[in-house]
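Worksheet for the structure shown next.
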Amino acid sequence: MTVLALDALAALVPDGALLALPPDDSLTPSALVRALIRRNVRQLRLVGVPTAGLGVDLLVGAGCVASVETSAASLGEAGTAPRFAAAVKAGTLRVIDATCPAIHTALQAAEKGVPFMPLRGVLGSDVLAHRPDWHVMANPFTVDDDPILVLPALQPDIAAFHAVCADEEGNVWVGRRRELATMAHASRFSLVTVERMVSGNLLADERMAPGVISGVYVEAVAVARRGAWPGGVLDEYPADRAHIMAYAREARTEAGFAAYLARHVLNASAQDAA
Amino acid sequence: MSSAIAPQERLIASVARLIMEKQPTGRLHVAVGMASPVPAAACWLLKKSGVPIRISLLQRQTGGPFSEGGRELFDLAGQGRIDLFFLGGGEIDGEANINMVGTGAWPGTEVRFPGSFGSAFMYLVTPRTILFREEHSRRVLVDRVAHISAPGRSRPEVVRRGSAQALVTGRCIFRFDGDRFHLASVHPGETTQSIVENTGFAFEIPDFVPVTPDPTEAELALLRGAVCDEMLTTYPDFCQRVWGRSPAEREKTQA
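Protein chains in written order, with the working numbering: chain A, 1 to 274; chain B, 1001 to 1255.
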C-alpha cells in the first residue's frame, strides 16, 4: 500500500476500467470522482453498489462513462440524477439495469471465487429479461419444479470509496458500511480516500477491527479531508443536502451542469487536496 | 381541537391501519426503504402507540438497523424475516405490476425513472407489500406498465411468499386480491366516479364505498409530536412541509 496525493490516486484508474462506486450515503469517494474528471478519464464502465448517486451523475455528465450497471440512479430526496437521465434519453449511455440484492450477490460470488451464485425473487421482472448474462436454472437439490436465478460473479477492476481513516498497513476503517468490504474483497484492488491517517494497526484494536477492510485489498490511499462531500461520513459529518438540491436543479440543463463543473470540479483541485 | 388534518396525516394513519390488519404470531418486522416518509411515519405512529413492532429504516446516516452493510436487509428478507415492505413506482398497473425503470424503449428512453432498486427481489420474498404512491393519475395508474420492475403475480412454480396487500394513493385505498384491485375507501372530496376518471386500470367497485377515516385525535397528537421528532433528521423537508417544523427548531426546544 502506498499513500499518494489525490491526483496520483486518480491516475491509477485507467480509461475503460470496470470501476465500482458506492452511492451518496455509503462513503462515496466524491473528491476522487472530481479528480477523475480533472484527469479526463474516458470510457469508464461503472458499477453502482448497489445504486448510483451524484458521483456517477457527475462522471456521466462530464463524458467519462461508457456504461453503468446499477439498480437505480437517484439523488435521494433531491430526485432524479439529471445527467444520467439525460444520457439515457439521448441514448449516449449504456445502462445495465440490475436489482440491489443481485449486485450484492454477484460481488459475493467474486469474493468467494466461485463462478456464480443463486438469488431468490426476480423471476418475472423485465430486469431479468434484459440481462442475457443472467440465467435461470432448476434447483438441483429438489425434484420439484423450482426455477431459480443464478448470477455470474462480478469482479470490478477497481473499487473506489472513502473511509474515515487508514493506518500504515493500508488497513482502512469504514465502520458498519460492510457492503464496502464485499465490494473491496470482490475487486482486483481498491483505491481509498480517507479523512486522516492514524498511527499503529487498526486490526490490532479489537474495538475497531470489525469495521476494518484489510490492507490486503488496498492498492493505495490518499488523504482527502471531507472527501465524501457533498455526501456525509457516518457520524463525522452529515450530507450537504442543500448542495445536492442545488445540483439537482442546476444540472437539469447542459449549461447549468457545465457551470457547476467549472465551479466545483475543474477549478477545485486545491480545495479537494486540502 | 386540532388544526385541519393534512392529507399526508390521513395517509399515514391509513397505512398504519393496513400494517395492523394481519398480525403475525411474533413481533411484526417492517422495513422501510429510502425516500419513504409516509410509510416511515406510519411505522413510527404504531411504535409510539405502543405496538410491539420492529422497524428497520434504511434512510438513516447514523444509528441504522444493520451492521452487515446494505445487503443485510436483503439477506433477512430472503429468509422471510421481514414481514412487510413498501414499494412505489413510476407506473403501477391493474395486476399490481410496478415499473420503476421508465417509459419508452428499455431502459426508459422516453422518461427514465430512477431504477428498480430492490423491488424485483423484495416483492417476491416479502409476505406483505403495501404499495404507496401519492400521485393518483392515469399517468401513474396505468392499464399496463411499460416495463415490469417487479411483477404483481407469478407463475405457480415460482417461489413467492406474497404480493401486494393494498395500494394507497392520494385519492383512495385499493385492496389487491392477488388478481385485481378492489376500491376499499375514498379519501374526503373523492367519489367512486373521480377515482374511475383518474385511474387507468379496471378495478372492482363494491356497492358501498366508505370514506377513508380521519386519524383520531390521539393519532394526530402523536404524529405532530413524537412521530415528527423521530422524522426530523431523516426527512426534514417532509416535516417542514406537513408539520412546519425544522431540525433547527428541535435543537432550540431541546436546548
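C-beta: ideal position from N, C-alpha, C; glycine also.
If you're wondering where the values come from, they're calculated on a predicted model, not measured in any experiment.
Beta-carbon proximity of residue i to residue j, cut-off 7 Å
| i | j | result |
| --- | --- | --- |
| residue 1211/B | residue 1188/B | yes |
| residue 55/A | residue 21/A | yes |
| residue 31/A | residue 224/A | yes |
| residue 1173/B | residue 1049/B | no |
| residue 1031/B | residue 1085/B | yes |
| residue 1203/B | residue 1181/B | yes |
| residue 1235/B | residue 1037/B | yes |
| residue 186/A | residue 155/A | yes |
| residue 203/A | residue 171/A | yes |
| residue 162/A | residue 27/A | yes |
| residue 61/A | residue 24/A | no |
| residue 207/A | residue 157/A | no |
| residue 1227/B | residue 1045/B | yes |
| residue 244/A | residue 78/A | yes |
| residue 1077/B | residue 1129/B | no |
| residue 1142/B | residue 1093/B | yes |
| residue 1012/B | residue 1041/B | yes |
| residue 46/A | residue 6/A | no |
| residue 1215/B | residue 95/A | no |
| residue 124/A | residue 1121/B | no |
For residue i: DSSP bridge partner residues
| i | result |
| --- | --- |
| residue 19/A | 46/A and 158/A |
| residue 147/A | 138/A |
| residue 173/A | 165/A and 212/A |
| residue 1099/B | 1091/B |
| residue 237/A | 233/A |
| residue 9/A | DSSP lists no partner for residue 9/A. |
| residue 1005/B | Paired residues: none, contrary to the question. |
Separation of residue j from residue i, as counted between CA atoms
| i | j | result |
| --- | --- | --- |
| residue 1008/B | residue 1080/B | 30 Å |
| residue 134/A | residue 126/A | 12 Å |
| residue 1091/B | residue 66/A | 28 Å |
| residue 1115/B | residue 97/A | 7 Å |
| residue 1017/B | residue 1199/B | 23 Å |
| residue 115/A | residue 1240/B | 49 Å |
| residue 137/A | residue 1223/B | 48 Å |
| residue 153/A | residue 117/A | 7 Å |
| residue 1147/B | residue 1022/B | 31 Å |
| residue 111/A | residue 1118/B | 21 Å |
| residue 48/A | residue 1089/B | 20 Å |
| residue 261/A | residue 254/A | 10 Å |
| residue 205/A | residue 1063/B | 22 Å |
| residue 1220/B | residue 91/A | 48 Å |
| residue 73/A | residue 57/A | 8 Å |
| residue 69/A | residue 212/A | 27 Å |
Cβ of residue i within 7 Å of any chain A Cβ
| i | result |
| --- | --- |
| residue 1092/B | no |
| residue 1135/B | no |
| residue 1055/B | no |
| residue 1029/B | no |
| residue 1109/B | yes |
| residue 1232/B | no |
| residue 1254/B | Because residue 1254/B carries a pLDDT of 48, less than 50, the predicted location of this residue cannot be relied on, and the following value inherits that uncertainty. No, because no Cβ of chain A sits closer than 7 Å to the Cβ of residue 1254/B. |
| residue 1152/B | no |
| residue 1127/B | no |
| residue 1044/B | no |
| residue 1200/B | no |
| residue 1041/B | no |
| residue 1246/B | no |
| residue 1089/B | no |
| residue 1001/B | Reliability of the predicted coordinates at residue 1001/B is poor, the pLDDT of 45 falling under 50, and the value obtained from them is presented with this limitation in mind. For residue 1001/B, the answer is no, since every Cβ of chain A falls outside 7 Å of its Cβ. |
| residue 1115/B | yes |
| residue 1163/B | no |
| residue 1084/B | no |
| residue 1106/B | yes |
| residue 1067/B | yes |
Any chain B beta carbon closer than 7 Å to residue i
| i | result |
| --- | --- |
| residue 135/A | no |
| residue 162/A | no |
| residue 83/A | no |
| residue 274/A | Residue placement at residue 274/A cannot be trusted, given a pLDDT of 48 that sits under 50; what the coordinates show is reported in the next sentence. Not one chain B Cβ lies under 7 Å of residue 274/A. |
| residue 168/A | no |
| residue 101/A | yes |
| residue 20/A | no |
| residue 71/A | yes |
| residue 122/A | yes |
| residue 288/A | Nothing in the structure corresponds to residue 288/A, since chain A is present only between 1 and 274. |
| residue 199/A | no |
Within chain C, the residues that residue i reaches when beta carbons sit closer than 7 Å
| i | result |
| --- | --- |
| residue 1095/B | The displayed structure is made up of protein chains A and B, and chain C is not among them. |
* Three or more C-beta pairs closer than 8 Å, one from the stretch 9 to 20 of chain A and one from the stretch 28 to 45 of chain A: is that the case here? -> yes
* Asked: Looking at C-beta atoms only, is the number of pairs between the stretch 1054 to 1065 of chain B and the stretch 1092 to 1104 of chain B that lie closer than 8 Å three or more?
  -> no
* **Stretch pair the stretch 214 to 221 of chain A + the stretch 74 to 90 of chain A: three plus CB contacts closer than 8 Å** => no
* **Any 3 or more C-beta pairs closer than 8 Å across the stretch 137 to 146 of chain A and the stretch 1165 to 1172 of chain B** => no
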